[in-house]
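Novice: So that we are looking at the same thing, I have put the structure below in structure tokens.
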Amino acid sequence: MLNINILRENPDLVKEGGRKKHIPCDEAVDCILDLDEKRKKLLFESEELRAAQKKVGKEIATLEGDEKQAMIAEMGEIAGRIKAYEKELGPLEEELESQMLLVPNIPAPEVPDGKTDEDNVLVREWGEVPQFDFPIKDHLEIGEELDLIDMKGAAKLAGSRTYILKNEGALLELAVLQFTLNHLVEKGFSPMLVPTLVRREPMVGTAYFPGGEEQAYACERDRKYLIGTSEVPVTAYHSGEILAEADLPRLYAGYSTCYRREAGAAGRDTRGLYRIHQFNKVEQVVVCRNDDEESLRFHEFILANAEEVVQALELPYRVVNVCGGDLGQPQIQKFDIETWMPSRDSYGETHSASRFHDFQSRRLDLRYRDEAGKVHFCHTLNNTAIASPRILISILEINQEADGRVRIPDVLQSYMGGREYIGPK
RNA sequence: GGAGAGGUGGCUGAGUGGUCGAAAGCGGCGGAUUGCUAAUCCGUUGUACGGAAAAUUAUCUGUACCCGGGGUUCAAAUCCCCGCCUCUCCGCCA
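Start counting the first sequence at 17; every next residue gets the next number (the working numbering).
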């Protein structure tokens, strides 16, 4: 949520930001400014009435008998007027709030113009795209041959876009996750295993709702939602709190299973482990001071951490600066890491590093007190550290050998009992 | 799932209809004292939104907030209803 002062002082900046993101918000902004004016006026008038009511109320407390009864009768009228104001103000503030939740964050100037992911701008590439001198298999063929992946078995149990990891496939996933978590712990992150089924508030606070309801599994009976990322519970962890500046930054490595309905993606990426309803992810979450430069530094930091992980796994990747149209509502800027996937003959998105300024903090009421005693909204950021099994696509395909075996990346071998290869049984 | 107790400021905890933004203690901050530290004493100590004054660290003032949402009343932390959460006992259970 934006500071409403930005809308008051510079509505065109907000509208322009919406256009860059291809999330038009002209109407919402105008509507908010209109509601805001009305609200101010009503609030001022009703507060004056309340002041009078409180003052007289104190007098009534000291009176007795007829005098008291007369006063009470007189105040009945004021009480009625106050009620009338409340009746008008209530729905107005609700509408104002819900409109504010729809206004997108303003993208940074460094965000390139563009409409879709095709307009994202290449920042850098790392690693050599592998050349094979034998006909390659995709991860699913490899997985089925080596008895690592079972899609049909999963479909029987759970329907489309599900999977079963077996044997070394299961071990490989755990290895990747644990290696990554350890890497982040070494970097100073606190590992966090968090609830995956949460209330509405964290979903709204992190800006997945309203708007993203279609993408989330809802447990309606209990009015709870399955998270699509541990960003949700981890970022919301300190909601409603005022942290001490000395306790910032907070670096968290959230680990959780993630659930996504993939609504609107019917028919897309239907083969294999690329687009599935459930996966596991280690996520970096940063809560820091309200400072553009600091935010920017942490953005680079979490991006670098993720790159280190991919590099350690020996996977070629590229970093792209995500264009306006491919940016979500809450982000200021986003960098994606796309990792090479031979079967796609291209890079596939595996990581996404976002910075939000205080957009999420305002919704979450996540603040800190500075040395001088002043209270500010924090800045928040997050980035994937690793998401599996999607990353297994690259690992299995890139490390396949002519004889059908798959080489296990060096850094994972110790997590898999020291083995170097996954081979046929 | 059944029965009971409870949710008050950073923390502990008082407050059962009016002068309560809320006692007291702890903690924090400022000051005094002090070779240093500790102890002691004095003062101060929430957030949001608005107004006035001053203008770029201050001040005065109004309103709201005592888990959340409704209600009763001239007046609600205090009474009533709904929800959420915590604790205890019983049952069930990975």
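Glycine included, each C-beta is placed from N, C-alpha and C at the ideal position.
Comparing the CB of residue 330 with every heavy atom of the ligand MN, is any distance shorter than 8 Å?
Specialist: The ligand MN is absent from the structure shown, which contains no ligands of any kind.
Novice: When you compare the CB positions of residue 49 and residue 24, do they come within less than 9 Å of one another, or not?
Specialist: Yes, Cβ-Cβ distance for residue 49 and residue 24 is below 9 Å.
Novice: Residue 393 by DSSP, collapsed to three states: which one?
Specialist: In the structure shown, residue 393 sits in a strand (DSSP, three-state: E or B).
Novice: Where in the region 222-303 do unbroken runs of the alpha helix (DSSP H), each at least 4 residues long, occur, reported from the N-terminal end onward?
Specialist: Runs of the alpha helix (DSSP H) inside the region 222-303: 247-252.
Novice: Residues in the same chain with beta-carbon distance under 7 Å from residue 155, minus the five sequence neighbours each way, listed in chain order, please.
Specialist: For residue 155, where only same-chain residues beyond five positions count, the Cβ hits under 7 Å are 288, 289, 359, 408, 409, 412 and 413.
Novice: Using CA atoms only, rank isn't needed, just tell me which of 139, 188 and 38 is closest to residue 437.
Specialist: Of the candidates 139, 188 and 38, the one whose C-alpha sits nearest the C-alpha of residue 437 is 188.
Novice: What separation, rounded to the nearest whole angstrom, lies between the Cα atoms of residue 430 and residue 41?
Specialist: Each residue's Cα considered, the two are about 52 Å apart.
Novice: Is the region 54-65 touching the region 134-141, taking contact as three or more C-beta pairs under 8 Å?
Specialist: No, the region 54-65 does not touch the region 134-141.
Novice: Nearest-angstrom Cα distance between residue 171 and residue 179?
Specialist: Taking the straight line joining both Cα atoms gives about 7 Å.
Novice: Which residues share a DSSP beta bridge with residue 349?
Specialist: Beta-bridge pairing links residue 349 to 371.
Novice: Note the first and the last residue of the continuous alpha helix (DSSP H) segment covering residue 111.
Specialist: Segment 81-116, the alpha helix (DSSP H) holding residue 111.
Novice: Looking at C-alpha atoms only, which residue of 415, 126, 291 and 244 is the closest neighbour of residue 230?
Specialist: When each option's Cα is compared against that of residue 230, the closest is 244.
Novice: Take residue 203 as the anchor and find which of 59, 300, 100 and 105 has the nearest alpha-carbon.
Specialist: Of the candidates 59, 300, 100 and 105, the one whose C-alpha sits nearest the C-alpha of residue 203 is 300.
Novice: Within a Cβ cutoff of 7 Å, which residues of the same chain sit near residue 194, ignoring the five residues on either side of it in sequence?
Specialist: Closer than 7 Å at the Cβ level, and outside the excluded window around residue 194, lie 431.
Novice: Can you confirm whether the region 120-134 touches the region 340-353 when touching is taken to mean that 3 or more C-beta pairs between the two stretches lie within less than 8 Å?
Specialist: The region 340-353, when compared against the region 120-134, does touch it at the 8 Å Cβ threshold.
Novice: Please name the residue in 145, 311, 74 and 331 whose C-alpha comes closest to that of residue 361.
Specialist: Of 145, 311, 74 and 331, the residue nearest in Cα terms is 145.
Novice: Is the beta carbon of residue 399 sitting closer than 9 Å to the one on residue 370?
Specialist: Closer than 9 Å, so yes.
Novice: Taking the alpha helix (DSSP H) that residue 313 belongs to, which residues open and close that run?
Specialist: Here the alpha helix (DSSP H) through residue 313 covers 308-328.
Novice: In three-state DSSP terms, what is residue 215?
Specialist: Coil, per DSSP.
Novice: Kindly identify the DSSP beta-bridge partner or partners of residue 402.
Specialist: Residue 402 pairs with 298.
Novice: Alpha helix (DSSP H) containing residue 25: first to last residue?
Specialist: First-last of the alpha helix (DSSP H) with residue 25: 20-25.
Novice: Closest by CA to residue 305, which one among 292, 383 and 221?
Specialist: When only C-alpha atoms are compared, the closest one is 383.
Novice: As an exercise, report each continuous beta strand (DSSP E) stretch of at least 3 residues that is fully enclosed by the region 121-191, in chain order.
Specialist: Whole beta strand (DSSP E) segments, 3+ residues: 137-142.
Novice: Relative to the C-alpha of residue 59, which residue among 389, 366, 37 and 100 is closest?
Specialist: Looking at the Cα atoms, 100 is the closest of the given residues.
Novice: Specify, as a first and last residue, the run of the beta strand (DSSP E) that residue 209 falls within.
Specialist: Its beta strand (DSSP E) spans residues 206-209.
Novice: For residue 272, which residues in the same chain have their Cβ closer than 6 Å to its Cβ, ignoring the five residues on either side in sequence?
Specialist: Once the five neighbours on either side are set aside, the close Cβ partners of residue 272 are 210, 212 and 246.
Novice: From what residue to what residue does the alpha helix (DSSP H) around residue 55 run?
Specialist: Counting along the chain, the alpha helix (DSSP H) containing residue 55 begins and ends at 42-78.
Novice: Buried or exposed: which applies to residue 374, given that a residue is buried once 16 or more other Cβ atoms fall within 10 Å of its Cβ?
Specialist: Buried.
Novice: If contacts are defined as beta-carbon pairs under 8 Å, then residue 153 and residue 416 qualify, I think. What distance do you get, rounded to the angstrom?
Specialist: The pair is a contact, with the Cβ atoms about 6 Å apart (cut-off 8 Å).
Novice: Assign residue 366 to buried or exposed, taking buried as 16 or more other Cβ atoms, counted over all protein chains shown, within 10 Å of its Cβ.
Specialist: Result: buried.
Novice: Have a look at residue 275 and residue 292 and give me their C-alpha separation to the nearest angstrom.
Specialist: Taking the straight line from one Cα to the other gives about 9 Å.
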